[in-house]
Each structure stands twice: as C-alpha cells, then as structure tokens.
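>
In full-length UniProt numbering, the protein residues as written are 1 to 174.
Right, here's the structure in full:
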C-alpha cells in the first residue's frame, strides 16, 4: 500500500515520460490484483478492530492521490485551446440558461397572479349561472302550473290559443 502511495506521489510531482507512467500503472494494477486476491482469501478470517481508522485514512489518501493523478493525466491529454473553447461554450450556455430561467420564473409569477384573478371571476360566474338555472327552473315550473290551471278552467280558449301560437312557432322553426 505504501509502495502504491509513493508511486502515485512520484507520478504527480515528476515529469516522467508516458512509458514509465504506464509501467508504474501496470505495477500498481498487478499489486492491486494481488491485494484483491489476498483480501478475498482472508475475508472470512478478518476481524474488525476499533482502530480501523488508519486503514480508512490510507484509503482516502490513496483515493485522493489517484484522483489527482487521473485529473493531471486528463489535463495533459487535452489541448489548451480546446479546453478554453469548451469553457467559453459552457459559460455561454450557462448565461443563456440563466436568462431562460429568469424568464420562466417571471412568467410563472405572472401566470400565478392571472390564475388567481381569473379563478375568482370564474367562481363568481359559475355561481351566477347556477343561480340563473335555478331561477329559470322556477319560472318554467310556474309557467307549467299556470298553463295547467288555465287549461282546466278554460279548456276551449286554451286550445284556440295553443293552436294559434304553437302552430305559428312550428312553422317558423321549419
């Protein structure tokens, strides 16, 4: 494990050639595979101790060094102009998304205020229509009652009026 750490530190601090870096990585991979085989064989016999923090700390250091190494290798692979162009593109996209977000937020606020306003109007109009429906039902009910009273009290006159007005209405509809 210490050998791995020292190899990683040497890689991150020195400007060695890529072939020597690849050799070190191959050594580390072999060492890791040997360690994994040993760990797999010893898993059943392993006892967890209270002072296992040292192993965790070493693991964190290795992870940190390895991630630093990977980032450095990736940075070495990138062309500086291409990297700057990507950063500029990302900044432009970020600015456009930020302005879009601002527009959407203002539109949502506007929509919410208009919705509240129109919801109140819709509620009052719905209430008015329900009242009108009730009033019309009451009026038609009274008309039917009056009609039935007239037809029972004056059947001859009602029949004449009915034929005169309802026939004219039927002809107009056609």
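For each residue, glycine too, the CB sits at the ideal point set by N, CA and C. Because the structure is a prediction, the values reported are computed rather than measured.
1) To test your reading of the DSSP string, which unbroken alpha helix (DSSP H) runs of 4 or more residues are found completely within the UniProt domain "KxDL" (73-158)?
2) How many Å lie between residue 45 and residue 64 at the Cα?
3) What distance in whole Å lies between the Cβ atoms of residue 150 and residue 140, which are believed to be in contact at a cut-off of 8 Å?
4) Check whether the Cβ of residue 76 lies closer than 7 Å to any heavy atom of the ligand ATP, and answer yes or no.
On the basis of the coordinates in this document:
1) 80-153
2) For this step, residue 45 is matched to residue 45 along the chain shown. For this step, residue 64 is matched to residue 64 along the chain shown. Here the model assigns residue 45 a pLDDT of 41, short of 50, so the residue's position is not dependable, and the following value carries that caveat. So the alpha carbons of these two residues sit roughly 29 Å apart.
3) Position 140 of the chain shown holds residue 140. Position 150 of the chain shown holds residue 150. By a beta-carbon distance limit of 8 Å, residue 140 does not contact residue 150. Their separation comes to about 15 Å.
4) Judged by which ligands are present, the structure shown has none, so any question about the ligand ATP falls away.
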